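Engineer:
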Amino acid sequence: MRQLKYLAGYSEKVTQQVGQLISEDQLGSFLLKKYPAAHDIRTDRLLYDFTMAIKSEFLRNSQPLSKVAYDGKISLVHPALGLHSFVSRVQGGKLKAKNEIRVASVFKLAPIEFLKMIVVHELAHLKEKDHDKAFYRLCEHMEPAYHQLEFDMRLYLTHLDLGGPLYQDPEKPGEAKLRMV
Ligand SMILES: [Zn+2]
């Protein structure tokens, strides 16, 4: 099924169950029941503070972060939902290394749990470059429900992809909320 591109890594049994929810028009209400509201971390400043709070709790000794921001171009340019980049620049004759985290702007209007899952993923890359066991262990250390949240987050993207908004965007007050069936 083309509309389940966000669930490509999951088993057929799972994608069939999701397909069932979609065909019964229940995916949106299923998600709303579990995640009734969107967070209000709507600026880069707040996103930076949110990220630094997690970093200082779990990764106190990791490399510093120079920037955390929402990025509207991520899903277009990169096949990713978040992005961690290690940028080296020559500044005033010195080589400066900077760690930056960018979060796809789709997560500006999302439950706090999904935002945290993305931030945890990108923070884990400060220590572990590859998506290996050590990487996911670190993700689960910061967020024990990491894998469940990743799955639910993919359900949310699937729902959006099918054209159904889930939360009221405070920047677009006229836009309709989820049609509850
Ligand atoms: Zn990654």
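So in our numbering, the last spot in the sequence shown is 323, and the numbers never skip. Backbone N, C-alpha and C fix where the C-beta goes; we use that ideal spot for every residue, glycine too. Computed from a predicted structure; not experimentally measured.
In angstroms with no decimal places, state the Cα-to-Cα distance between Lys176 and Pro286.
Structural biologist: Residue 176 sits at position 34 when you count from the first residue of the sequence shown. Residue 286 sits at position 144 when you count from the first residue of the sequence shown. Distance between the alpha carbons of Lys176 and Pro286 is about 17 Å.
Engineer: From the DSSP output, in three-state form, read off Glu242 for me.
Structural biologist: Translated into the one-based positions of the sequence shown, residue 242 becomes position 100. Here Glu242 sits in strand by DSSP.
Engineer: Using DSSP's beta-bridge definition, name the partner residues of Tyr212.
Structural biologist: Your numbering for residue 212 matches position 70 in the sequence shown. In the DSSP output, where bridge partners are listed per residue, Tyr212 has Val245.
Engineer: Just the Cα atoms here: how many angstroms apart are Ala276 and Tyr212?
Structural biologist: Counting from 1 along the sequence shown, the entry for residue 276 is found at position 134. Counting from 1 along the sequence shown, the entry for residue 212 is found at position 70. Their backbone Cα atoms lie some 27 Å apart in a straight line.
Engineer: Please report the straight-line C-alpha distance between Leu169 and Gly235, rounded to a whole angstrom.
Structural biologist: The residue you call residue 169 lines up with position 27 of the sequence shown. The residue you call residue 235 lines up with position 93 of the sequence shown. Roughly 55 Å between the two C-alpha positions.
Engineer: Label His181 either buried or exposed according to how many other C-beta atoms from any shown protein chain fall within 10 Å of its C-beta, with 16 as the threshold for buried.
Structural biologist: For the purposes of this step, residue 181 is taken as the residue at position 39 of the sequence shown. Looking at its Cβ environment, which holds 16 or more other Cβ atoms inside 10 Å, His181 is buried.
Engineer: I want to check one thing, is the minimum distance from the CB of His273 to the heavy atoms of ligand 1 below 7 Å?
Structural biologist: For the purposes of this step, residue 273 is taken as the residue at position 131 of the sequence shown. True, at least one ligand heavy atom lies under 7 Å from that Cβ.
Engineer: Consult DSSP for Leu308 and reduce its assignment to one of helix, strand or coil.
Structural biologist: Sequence index remark: in the sequence shown, residue 308 carries index 166 (1-based). Note: Leu308 maps to coil in three-state DSSP.
Engineer: Beta-carbon separation of Lys197 and Leu188 under 8 Å?
Structural biologist: Against the sequence shown, residue 197 aligns to sequence position 55. Against the sequence shown, residue 188 aligns to sequence position 46. In this structure, Leu188 does not lie closer than 8 Å to Lys197 by Cβ.
Engineer: For Leu297, which three-state DSSP category applies?
Structural biologist: Numbered from 1 along the sequence shown, position 155 holds the residue referred to as residue 297. If DSSP states are grouped into helix, strand and coil, Leu297 belongs with the helices.
Engineer: Expressed to the nearest angstrom, what Euclidean distance is found between the alpha-carbon atoms of Phe352 and Tyr298?
Structural biologist: This structure cannot settle anything about residue 352, because the visible part of the chain is limited to 143 through 323.
Engineer: Residue range of the alpha helix (DSSP H) that Thr193 falls in?
Structural biologist: Locating residue 193 in the sequence shown gives position 51, where the first residue counts as 1. Its alpha helix (DSSP H) spans residues Asp186 to Phe200.
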